[in-house]
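Quick notes on the structure that follows.
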Amino acid sequence: MTLADKFEELNKRGERALIGFITAGYPGIDTTVDIADALIRGGVDILELGLPFSDPIADGVTIQRASESSLRAGMNPDVYFDVAARIKGADKVCLTYYNLILQRGLDRFVTDCVSAGISGIIVPDLPVEESEPLQSVCNRYETDLIYLIAPTTTDKRMARILDSASGFIYVVSLLGVTGARDRLSDVIEPLISRIRRQEAAMNVNVPLAVGFGISRPEHVKSVCQFADGAIVGSAIIKLIEEGGPSLINRVEDFARSLKAATR
Amino acid sequence: MKNLHPCFLFMAYISSIMSLPDANGKYGRYGGKFAPEVLMPALEDLERSFAKYREDDRFNAELNALLRDFAGRPTPLYFAKNLSEMCGSRIYLKREDLVHGGAHKLNNTLGQCLLAKYMGKKRIIAETGAGQHGVATAMAAAVLGLQCEIYMGTEDIKRQKLNVFRMELLGARVNPVDSGSRTLKDAINDAMRDWVANVKDTYYLIGSVVGPHPYPLIVREFQRIIGSETKKQILATEGRLPDAIIACVGGGSNALGIFSDFIEDRSVSLIGVEAGGKGLETGEHGASLCAGTEGVLHGMYSKLLQDKYGQIKQSHSFAPGLDYPGVGPELAYLVDSGRVKVDSATDEETLGAFKLLSTKEGIIPALESAHAIHYAVAHANEWDLIVVNLSGRGDKDIFSVAGVLGKGVI
Ligand SMILES: Cc1ncc(COP(=O)(O)O)c(C=O)c1O
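If you read the protein sequences in the order shown, they are chains A and B. Just so we're aligned, residue 0 is where the first sequence starts under numbering that gives the first Met the number 0, counting upward by one. Just so we're aligned, residue 0 is where the second sequence starts under numbering that gives the first Met the number 0, counting upward by one.
Right, dumping it as structure tokens:
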């Protein structure tokens, strides 16, 4: 199933998508699969599996720490694709930085994604100006290259992005890096309506998922009033950081409470 | 192609260099803008503002006055008589160590702080490794009445206490960076994260010819004055161009600063000297041009120190300003095209040059600049007339040199 099909199916059920992010290899390489399974049992529709990079400039401290820990535990792209292939039961997208894709080779990276059942790739340091080489490889293997749109994105840039976009748009909810926030940013609603207007003008219809700073069921609920999905990352990583014996259950419960807010 | 006169090919080559970067911010395949979407509009805005103000008479008059009266430009081109006698060729030092603050860094920070002011920004952020760029930023921000915060790795804070205190005296806030290798690259990461969060009122002032377009261009243009002065000075004293110009390379700003006005003068050899650290064969060095591979870091496609998966490696140099696992994209391009040659000097070789210049010429060089001095001395017999860019003075380094020499200071 493609990501577009997934959003359509959810839409028919009157639901929005819950997208859960975890860093592969955090807190350990094998536990990643258990945590992913718990998230999926709890109701995560799309699992965003981070492939950690040594210099994650778009990430706040929570994901930085998880990335460092994962790299120390031996995570690398070879291990990553093995781990990703073991996770079943949800659509999967890969989030990573461009250098890791470049060094593996664009073709090899995307075909490895396909073999591991990953249907989309998010690259926070690859703006549309530089994305053509990866975009054309993704097109060849019917993999979605997922673009980000930020509150600062001009209408002109937005048009260019929407012209290339497929799967979904990662709508960055605030000016800042990833990380749980207590309050939801108030730029989300105007930003979403600006994108919707642009989509209508261009006659395209790419689903919009909002991420950055979304950490609680009530955040998910209010985001889902205007968007097609909500992305929760640092809040899940923080829960994993707490650790403890019943971690897997708590992760599952947290996902369930987030998913309930999308209905 | 074979019917073309070689002269024509040469002209085409020259004009291709002169028009770089291209409209996409590329130098051949290097450069570009690999930045988060949040920053892209700010980078476009910066590009437009720079293009506008670099042609603006009022801006240029104000900058030139600052460079003259505040920074102390032009800096002398000093004939190093004793060193020349020892080496048997004529060696000149371009005295950027005499720029206010003690390094070439102020040329760039005055230019960019003024640009920030013209753009209506109130807050400056910057990264620093050695602390020289941080100090130069704090000075420029102070004189222009801008608020200033500097990101610095905790490892570098330990190595460069003096500069941390100088920045604070100058009214800047120093934000310690405790992630990754806790050095310059991590300070850049955190400065970029700050910029992402505060892009509306904050100006990010990069300290070298690195980062996403248009930074490599902006920094090069503000440092170009080193080479344009050098050209006038050497023509005035020697009546000819030098045979070779030698500069150390961290990110590449003092090197491109002195090289840029000589790119078309093919008779002038241009040589960049990187941090050889403990030796290239040990893997503990900062020589991205000599030993790195292509990839993307900090918004640019360039030569990097990285593992086979693309994870960025920790660089090593006892000269903190060269302790960076990447290099400016234009230098990578100029090296590939053969116009600029690169080599490296180890910590040990550099220490020798540091002591030599101090005792022979009465000038304590920055450890960064001592890399270039080492190369000049070791290769002096290849040329008759040599210019070395003495990018900074060594006061900041005396504690770490004393440590290496096993001597206590104070
Ligand atoms: C004195 C001095 N020289 C050289 C450098 C290296 O930077 P760049 O290669 O950009 O000139 C530094 C950096 O801090 C420095 O302080």
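Cβ coordinates follow ideal geometry from the N, Cα and C atoms, glycine included. Quantities reported herein were computed from a predicted structural model and do not represent experimental measurements.
- prompt: Whole-angstrom Cβ separation of residue 187/A and residue 165/A, contact assumed at under 8 angstroms?
  reply: So it is not a contact: roughly 22 angstroms between Cβ atoms.
query: Should residue 292/B go down as buried or exposed, given a rule of 16 or more other Cβ atoms within 10 Å for buried?
result: exposed
Contact with chain B by residue 75/A, beta-carbon distance below 7 angstroms: yes
field: For residue 75/A and residue 308/B, believed in contact at Cβ under 8 angstroms, the rounded distance
entry: 5 angstroms
field: Strand pairing of residue 259/A, partner residues [DSSP]
entry: Residue 259/A pairs with nothing; no bridge assigned.
query: At least one CB of chain A closer than 7 angstroms to the CB of residue 409/B: is that the case?
result: Confidence at residue 409/B is low in this model, with a pLDDT of 48, below 50, so the placement of that residue should be treated as unreliable; the coordinate-derived value is given next. It does not: the Cβ of residue 409/B has no partner Cβ on chain A nearer than 7 angstroms.
field: Within-7 angstroms CB hit, residue 132/A to chain B
entry: no
field: Residue ranges of each alpha helix (DSSP H) within the stretch 21-92 of chain A, 4 or longer
entry: 28-41, 60-71, 76-85
query: By DSSP, does residue 204/A sit in helix, in strand, or in coil?
result: coil
- prompt: What are the residues of the stretch 249-272 of chain B that lie near chain A, defined by any Cβ-Cβ distance shorter than 8 angstroms?
  reply: none
query: Out of curiosity, what's the CA-to-CA distance linking residue 196/A and residue 26/B?
result: 37 angstroms
- prompt: Using a beta-carbon distance below 7 angstroms, is residue 53/A in contact with chain B?
  reply: yes
message: Under DSSP, the alpha helix (DSSP H) around residue 233/A begins and ends at which residues?
response: For residue 233/A, the enclosing alpha helix (DSSP H) starts and ends at 233-241.
task: Rounded to whole angstroms, what's the CA-CA distance from residue 489/B to residue 120/B? Just pull it up for me.
output: Chain B is shown from 0 up to 409; residue 489/B falls before or after that span and cannot be answered.
message: For a test of the three-state rule: what should DSSP assign to residue 384/B, helix, strand or coil?
response: strand
task: Express the C-alpha separation of residue 44/A and residue 255/A in angstroms, rounding to a whole number.
output: Cα to Cα, residue 255/A sits roughly 11 angstroms from residue 44/A.
message: Against chain A, does residue 395/B count as a neighbour if the rule is that its beta carbon must be under 7 angstroms from one of theirs?
response: In terms of beta-carbon proximity, residue 395/B stays away from the interface with chain A, with every pair separated by 7 angstroms or more.
- request: Work out the CA separation of residue 227/A and residue 177/A for me, nearest whole Å.
  value: 20 angstroms
- prompt: Would the beta-carbon of residue 367/B be found less than 6 angstroms away from any heavy atom of ligand 1?
  reply: yes
task: Tell me whether the beta-carbon of residue 129/A lies closer than 7 angstroms to the beta-carbon of residue 31/B.
output: yes
message: If we define contact as Cβ-Cβ less than 7 angstroms, is residue 208/A a contact residue for chain B?
response: no
Supposed close pair residue 144/A, residue 133/A - CB separation, criterion 8 angstroms: 6 angstroms
- prompt: Using the beta-carbon count (16 or more within 10 Å), is residue 234/B buried or exposed?
  reply: The residue is exposed, with fewer than 16 neighbouring Cβ atoms inside 10 Å.
query: Buried or exposed: which applies to residue 193/B, given that a residue is buried once 16 or more other Cβ atoms fall within 10 Å of its Cβ?
result: Answer is buried; the Cβ neighbour count reaches 16.
message: Using only CA atoms, which one of 265/B, 323/B, 294/B, 103/B lies nearest to residue 388/B?
response: 103/B
task: Name the residue from 163/A, 183/A, 34/A, 116/A whose alpha carbon lies nearest to the alpha carbon of residue 204/A.
output: Closest by alpha carbon: 163/A.
- prompt: Within 6 angstroms: the Cβ of residue 114/B and any heavy atom of ligand 3?
  reply: The model on display carries ligand 1 but not ligand 3.
message: Only counting the same chain, and skipping five residues up and downstream in sequence, which positions put a Cβ closer than 6 angstroms to that of residue 3/A?
response: none
query: To the nearest angstrom, how far is it from the Cα of residue 175/A to the Cα of residue 57/A?
result: 8 angstroms
- request: Consider the Cβ of residue 63/A: report whether some Cβ of chain B lies at a distance smaller than 7 angstroms.
  value: Under the Cβ distance rule, residue 63/A counts among the residues neighbouring chain B, one pair being separated by less than 7 angstroms.
field: Close-in-space but distant-in-sequence residues of the same chain around residue 53/B (CB under 7 angstroms, 5 per side omitted)
entry: 220
message: With DSSP as the reference, identify every bridge partner of residue 94/B, one or two as the case may be.
response: 389/B
With 16 other Cβ atoms within 10 Å as the buried cut-off, status of residue 116/B: buried
task: Could you check how far apart the C-beta atoms of residue 129/B and residue 162/B are, in whole angstroms? I think they sit under 8 angstroms.
output: 7 angstroms
- prompt: What are the complete beta strand (DSSP E) segments, minimum 3 residues, inside the stretch 300-386 of chain B?
  reply: Entirely contained in the stretch 300-386 of chain B, the beta strand (DSSP E) runs reaching 3 residues are, in chain order, 339-345.
query: In chain A, which residues lie less than 7 angstroms from residue 436/B when you measure between Cβ atoms?
result: No statement about residue 436/B is possible, as the shown extent of chain B runs from 0 to 409 and does not include it.
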